[in-house]
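Reviewing the structure listed below.
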Amino acid sequence: MADIQNVTLAGGVTVGASVDMMISPAAAYALGIAGATACMVGYKYLSPFLARHCRIQDQCGIHNLHGLTGLISCAAGICAILWASEEVYGPSLYEIFSHRAPLEDDPQFLKLHKLVPSLVPGLGRTAQEQALFQAAAVALAIGVSLFGGIFTGFVLKLPGLAAPPYEQCFDDELFFDVPYNYNAPLNHTTITTEDSVV
1 MADIQNVTLA GGVTVGASVD MMISPAAAYA LGIAGATACM VGYKYLSPFL ARHCRIQDQC
61 GIHNLHGLTG LISCAAGICA ILWASEEVYG PSLYEIFSHR APLEDDPQFL KLHKLVPSLV
121 PGLGRTAQEQ ALFQAAAVAL AIGVSLFGGI FTGFVLKLPG LAAPPYEQCF DDELFFDVPY
181 NYNAPLNHTT ITTEDSVV
C-alpha cells in the first residue's frame, strides 16, 4: 500500500514544475508514468544500493519521491519553456516568464501594454535563453545541496558529534532516557537442571 501511495504522489511531483504551463494530457500522463517508475525503481534498487555501498540512509524516501521525480520535473519544465510561444499563451506568457517580456522601449512592449496594462517590461529573453537560465538554476540548486550535505557530513563527524555505530542508529536508548518496559520478555534464559534453577 505504501508503494501505491508513493507513486501516486510521485506523479504530482513530476508535473509540478510545468503545472502552470499548457501541456497536453498525453504529456501529463507520460510525466506521471515516468515519475512513478523512477520512484519505484529508486525504492527497489537505488536506496538499498546507496545504503549498502555508500552508507547513505534515506529513511523517509525523500530522494526517491522528491529528488528523482524533481529532476524529471525540471527537465519537463525546461522543455515546456522551450516550446512556449506567444501564439499559444498570448500576453500571459510574459506574466509567467516576466524576463521574456520585451524591453521597455520595444514597440512590441507598447503594443502588449495596451492589451495588458499590468504588464511590466522584461529583459527580452528568448525561449532558449530562458531555458538555459532554468537549467543553470537547477545545476546551482544541485551544487548547493551537494556542498551543504558534504559540509554537514564533515561537521557531524567531529569528535564531539560522533554518530553511534551504524547498527545502533535506530536505538533510542543511546539518546533518550527510556523507561523500563515491565511487559517486555526477559533477555536471560531460564535453565532447569536437576539441582537448581538458574
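All the letters of the sequence shown, read from the start, carry residue numbers 1 to 198 under UniProt numbering.
Cβ coordinates follow ideal geometry from the N, Cα and C atoms, glycine included.
Using only the alpha-carbon positions, how far apart do MET1 and GLY77 sit? 30 Å
Can you tell me which of ALA127, ILE62, HIS66 and ASP106 puts its alpha carbon nearest to the alpha carbon of TYR89? When only C-alpha atoms are compared, the closest one is ALA127.
To which residues of the same chain is SER92 closer than 7 Å at the C-beta, ignoring the five residues directly before and after it? Around SER92: no qualifying Cβ.
What span of residues does the alpha helix (DSSP H) with VAL116 cover, start to end? Looking at the DSSP string, VAL116 is not in any alpha helix (DSSP H), and its letter there is neither H nor E.
Whose C-alpha, out of VAL155, GLU173, ALA137 and PHE170, is nearest the C-alpha of LEU71? ALA137
Please classify SER18 as buried or exposed, where buried requires at least 16 other C-beta atoms within 10 Å of its C-beta. buried
In whole angstroms, give me the CA-to-CA distance for PRO102 and CYS79. 21 Å
To which residues of the same chain is ALA51 closer than 7 Å at the C-beta, ignoring the five residues directly before and after it? Counting only Cβ-Cβ distances below 7 Å, and skipping sequence neighbours, we find GLN57.
Helix, strand or coil for THR14, going by three-state DSSP, please let me know. THR14: helix per DSSP, three-state reduction.
Is LEU148 helix, strand or coil by DSSP? The amino acid occupying residue 148 in the given sequence is Gly; Leu does not appear at that position. Three-state DSSP puts GLY148 in a helix.
Measure the C-alpha to C-alpha separation of CYS54 and GLY12 and round it to an integer number of angstroms. Distance between the alpha carbons of CYS54 and GLY12: 29 Å.
Which value, in whole angstroms, describes the spacing of the CA atoms of VAL120 and SER85? 18 Å
Between the alpha carbons of GLY149 and ASP177, how many angstroms are there, rounded? 30 Å
Please report the distance separating the alpha-carbon of LYS111 from that of GLU87. 15 Å
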